[in-house]
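In the working numbering, the protein residues as written are 29 to 152.
A short write-up of the structure that comes next.
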Amino acid sequence: QCNDIINYGKDKFSKLKNKYFVSYHYEFPYFVNRFGLVYLAEIEMGHGREPTPKHILEVIQKMRKYGVKAIFTSKQFYNPKTVKVVLDQTGAKVFFLDSMGENGSYIQMMKFNIDEVYKGLSIQ
29 QCNDIINYGK
39 DKFSKLKNKY
49 FVSYHYEFPY
59 FVNRFGLVYL
69 AEIEMGHGRE
79 PTPKHILEVI
89 QKMRKYGVKA
99 IFTSKQFYNP
109 KTVKVVLDQT
119 GAKVFFLDSM
129 GENGSYIQMM
139 KFNIDEVYKG
149 LSIQ
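Here is the structure:
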């Protein structure tokens, strides 16, 4: 089953043109690497450290440059006020991923995350 879900993700992401991944918190590096995505930026500057205005501007510039229209996060690591600035400046949407197994089994969690990331990265 694990190989099946990995192959499902690899197949799905292989069809994407935009593989740039932006998250609120640096919490998905293994997922990004496993599926050949590119970790472009994270909004939070470290665990519990709010970003500076300069850092937020850098994230916005990267998102604009690479056409990124999605920010991925989990409910555990998310500050709506901070993200709102980025959303307003880029037109991006927030996608909540499951990092705690809320969707049942590991396989269900991975399928949910794969489908959500695919939706987010497919936005033009």
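Backbone N, C-alpha and C fix where the C-beta goes; we use that ideal spot for every residue, glycine too.
The structure presented is a predicted model; accordingly, all values stated were derived computationally and were not measured.
Beta bridge counterpart(s) of residue i as assigned by DSSP
| i | result |
| --- | --- |
| Gly7 | In the structure displayed, the chain extends from 29 to 152; residue 7 sits before or after that span and is not available. |
| Lys121 | Ala98 |
| Phe49 | Tyr67 |
Start-to-end residues for the alpha helix (DSSP H) that takes in residue i
| i | result |
| --- | --- |
| Ser42 | 30 to 42 |
| Val114 | 108 to 118 |
| Val60 | 57 to 62 |
| Ile135 | 134 to 149 |
Residue i versus residue j - alpha carbon distance
| i | j | result |
| --- | --- | --- |
| Leu149 | Asn46 | 6 Å |
| Thr110 | Gly37 | 30 Å |
| Lys40 | Ile142 | 8 Å |
| Pro57 | Thr80 | 22 Å |
| Lys147 | Gly76 | 28 Å |
| Leu85 | Phe59 | 26 Å |
| Leu44 | Asp116 | 25 Å |
| Phe63 | Thr118 | 25 Å |
| Gln152 | Phe140 | 21 Å |
heavy atom of the ligand HEM below 7 Å from residue i C-beta
| i | result |
| --- | --- |
| Tyr106 | No copy of the ligand HEM occurs in the structure displayed, which carries no ligand at all. |
Beta-carbon separation (whole angstroms), residue i vs residue j, contact threshold 8 Å
| i | j | result |
| --- | --- | --- |
| Tyr52 | Phe105 | 6 Å |
| Val114 | Ile99 | 7 Å |
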